[in-house]
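Taking it in order: structure first as structure tokens, then the write-up.
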Amino acid sequence: MPVLVVGGGMISAEVVLPTLFQEQSRGLIGKISVATRRAERIQWLRAQLPGCDFRALPDPDADGPDAVDPESYKHAIAELGPGGVVIVATPDHFHTPVIEEAIRTGHHCIVEKPLCLKVGEARRIRDSARAAGIYVNTDYHKRHDRAIRAAQKKYRDGALGQMLHGHAWIEERREMPLHWFANWCEHSSPFEYIGVHYADAYHFITGLKPKRLVAFGQKKLLPSLGKDAYDTVSATIQWEDDSVLFIRTGWVCSEHQTALTNQGLCLMGTEGEYWSDHKDRNTYFCTQAGKFEHFNPNFFKGHCDWNDPGKVEWVGYGYDSIKQPLDDVRGIHAATAGMDEAAALAKRKEMIAALEPVRPLPDQALIGTAINEAVRMSFENESAYVHFGEDMELSMR
Ligand SMILES: NC(=O)c1ccc[n+]([C@@H]2O[C@H](COP(=O)([O-])OP(=O)(O)OC[C@H]3O[C@@H](n4cnc5c(N)ncnc54)[C@H](O)[C@@H]3O)[C@@H](O)[C@H]2O)c1
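Numbered as in the numbering used here, the sequence shown ends at 599 without a single skipped number.
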């Protein structure tokens, strides 16, 4: 099962590729390739991942370190071979063309959240993936955080009763828009980039769909530093059962914040409450190099390998949420091996339909996309209410 990663940024270097090389070393996936826009990125990636072998497009050795190819993903998908998986890790506003090319050429996909930024695009992806029997999973890794899964279980068991209201916060250090996303922070916002995790988590926990929302955005610090981007965005989402979730997001936290991400969730139901600080996991390091840090052992951390302590084993919800879709695709391949195309298509459709209620396939990922689009509609229209229809169509009235 060859795997292509499109986009060679932070998430690819820190989570996606280490996960893939681990899966490869366990014999679970085949060749790994990476397509980026600029060959310079590949050089950076190679420096981040010493000793890891992957095919690169554009290739700095063959094409030169200054090579630029915005269509490298098309060439890389064309040469991926049968049974390949495409992992989409480009900026949020450039997911759709890559996903659509993968679907068109018959490759299953894993997409870094959010699926895309527009409801119309998400519906198009859902419908074409269903018609072609293609698996498209959005990497909403918070679903794999045991602190969130615990809330889902209690809610589904009825221990929290009916949802009343809740509060989520997720805010990152200012290095994100100023350094890591300097090229695209003006096209996104802290809500679209990270806040959507908690919108999806609420849907994951409760199964509820949004009814209407109102959002607010502030631009004060970033414009003074040369970026026409939002510092903070917050939204209050009313759900179909009339419960309400307030989500507070930002990406201008102090450089001295003791973790990259300050985050957590509180829920109140008719029969019980849930409080969870997802930054402070009661684990801290204080070192000369790293100063004082809140350490989240649950996200994506390298541990000493059980059998060879000199090697690193990657564990955590960041790993689990990429491994699960890779396993799903492997299951689809195994179930359809040796079938003719018509029988394989029918089998893929049947398996994917069975996974739709329990995975962030496009029908569920559509909700995060719709909330993202509605949040932007609201804060760009003097914080008007935005309403959601049955299939997530948006309206302001
Ligand atoms: N799952 C998560 O929780 C999580 C966490 C962080 C980021 N993300 C998402 O992952 C995606 C990437 O984030 P990032 O942090 O790596 O961003 P980044 O800006 O660090 O990297 C994006 C990469 O995409 C490349 N790219 C841009 N256009 C391209 C094209 N036409 N063809 C090929 N490559 C292209 C850029 O060169 C860059 O290497 C975003 O959608 C982001 O929201 C998800």
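The beta-carbon is built from N, C-alpha and C at its ideal position, and this holds for glycine as well.
Task: N-terminal and C-terminal residue of the alpha helix (DSSP H) that residue 568 is part of - done: From DSSP, the alpha helix (DSSP H) with residue 568 extends over 564–581.
Open item on the list: Which of the three DSSP states is assigned to residue 367 in this structure?
Closed with: Look at residue 367 here: in three-state DSSP terms it is strand.
Open item on the list: Pull the bridge partners of residue 412 from the DSSP assignment, please.
Closed with: 441
- [ ] State buried or exposed for residue 455, treating a residue as buried only when at least 16 other CB atoms are found within 10 Å of its CB.
- [x] In summary, residue 455 is buried, with 16 or more beta-carbon neighbours lying within 10 Å of its beta-carbon over all protein chains present.
TODO: Give a single yes or no on whether residue 212 has its beta carbon closer than 7 Å to a heavy atom of ligand 1.
DONE: yes
Open item on the list: Going by C-alpha to C-alpha distance, which of 354, 587, 211 and 286 sits closest to residue 468?
Closed with: 354
Open item on the list: Within 10 Å of its beta-carbon, does residue 458 have 16 or more other beta-carbons around it, so buried, or fewer, so exposed?
Closed with: exposed
Task: Closer than 7 Å: residue 315 CB and nearest ligand 1 heavy atom - done: yes
- [ ] May I ask whether a heavy atom of ligand 1 can be found less than 7 Å away from the beta carbon of residue 472?
- [x] No, the beta carbon of residue 472 sits no closer than 7 Å to any heavy atom of ligand 1.
Open item on the list: Between which two residues does the beta strand (DSSP E) holding residue 258 run?
Closed with: It spans 257–259 - the beta strand (DSSP E) in which residue 258 sits, taken as one unbroken run.
TODO: Count the other CB atoms, across all protein chains shown, that sit within 10 Å of the CB of residue 542; report buried if there are 16 or more and exposed otherwise.
DONE: Exposed is the call here.
Open item on the list: For residue 268 and residue 249, what's the separation of their Cα atoms in angstroms?
Closed with: 17 Å
Open item on the list: Taking only three categories from DSSP, how would you classify residue 418?
Closed with: Here residue 418 sits in strand by DSSP.
- [ ] Please report how far the alpha carbon of residue 419 lies from the alpha carbon of residue 584, in whole angstroms.
- [x] 10 Å
TODO: Measure how close the beta-carbons of residue 237 and residue 208 come, nearest whole angstrom, since I'm counting them as under 8 Å.
DONE: Contact flag correct, Cβ pair sits at about 5 Å.
Open item on the list: For a quick check, are the C-beta atoms of residue 289 and residue 218 less than 8 Å apart?
Closed with: yes
Task: Near ligand 1: residue 537 beta-carbon under 7 Å from a heavy atom - done: no
- [ ] Determine the burial state of residue 504: buried for a count of at least 16 other Cβ atoms within 10 Å of its Cβ, exposed for fewer.
- [x] exposed
Open item on the list: Just to confirm the assignment, what range does the alpha helix (DSSP H) spanning residue 225 have?
Closed with: 219–227
TODO: In the DSSP assignment, find the alpha helix (DSSP H) that holds residue 336 and state where it starts and stops.
DONE: Where residue 336 is concerned, there is no enclosing alpha helix (DSSP H), given that its DSSP letter is neither H nor E.
Task: Per DSSP, the bridge partner or partners of residue 483 - done: Bridge partners of residue 483: none, in fact.
Task: Burial state of residue 560, where buried means 16 or more other Cβ atoms lie within 10 Å - done: exposed
Open item on the list: Within 10 Å of its beta-carbon, does residue 253 have 16 or more other beta-carbons around it, so buried, or fewer, so exposed?
Closed with: exposed
Open item on the list: For a quick check, are the C-beta atoms of residue 527 and residue 339 less than 8 Å apart?
Closed with: Taking C-beta atoms as the reference points, residue 527 and residue 339 count as a pair closer than 8 Å.
Open item on the list: Going by DSSP in three states, residue 298 sits in which element: helix, strand or coil?
Closed with: helix
TODO: Flag this pair as yes or no: are the beta carbons of residue 437 and residue 423 separated by less than 8 Å?
DONE: no
Task: Coarse secondary structure for residue 172, derived from DSSP in three states - done: For the chain, the structure presents residues 203 to 599; residue 172 sits outside this window and is missing.
Open item on the list: Quick check on this structure: which residue in 477, 499, 476 and 479 has the alpha carbon closest to the alpha carbon of residue 487?
Closed with: Residue 487 has its Cα closest to that of 499, out of 477, 499, 476 and 479.
Task: Contact under 8 Å by Cβ, residue 393 with residue 446 - done: no
Task: CB of residue 523 within 8 Å of CB of residue 381, strictly - done: no
Task: residue 463 beta carbon near ligand 1 (any heavy atom closer than 7 Å) - done: no
Task: Option in 296, 356, 342 and 443 with minimal Cα separation from residue 366 - done: 443
TODO: With distances taken Cα to Cα, identify the nearest neighbour of residue 211 among 363, 378, 429 and 273.
DONE: Ranking 363, 378, 429 and 273 by CA distance to the CA of residue 211 puts 378 first.
Open item on the list: Along the chain, where does the beta strand (DSSP E) containing residue 314 start, and where does it finish?
Closed with: 310–314
Task: Nearest candidate by alpha-carbon position, reference residue 285, set 552, 460, 593 and 530 - done: 530
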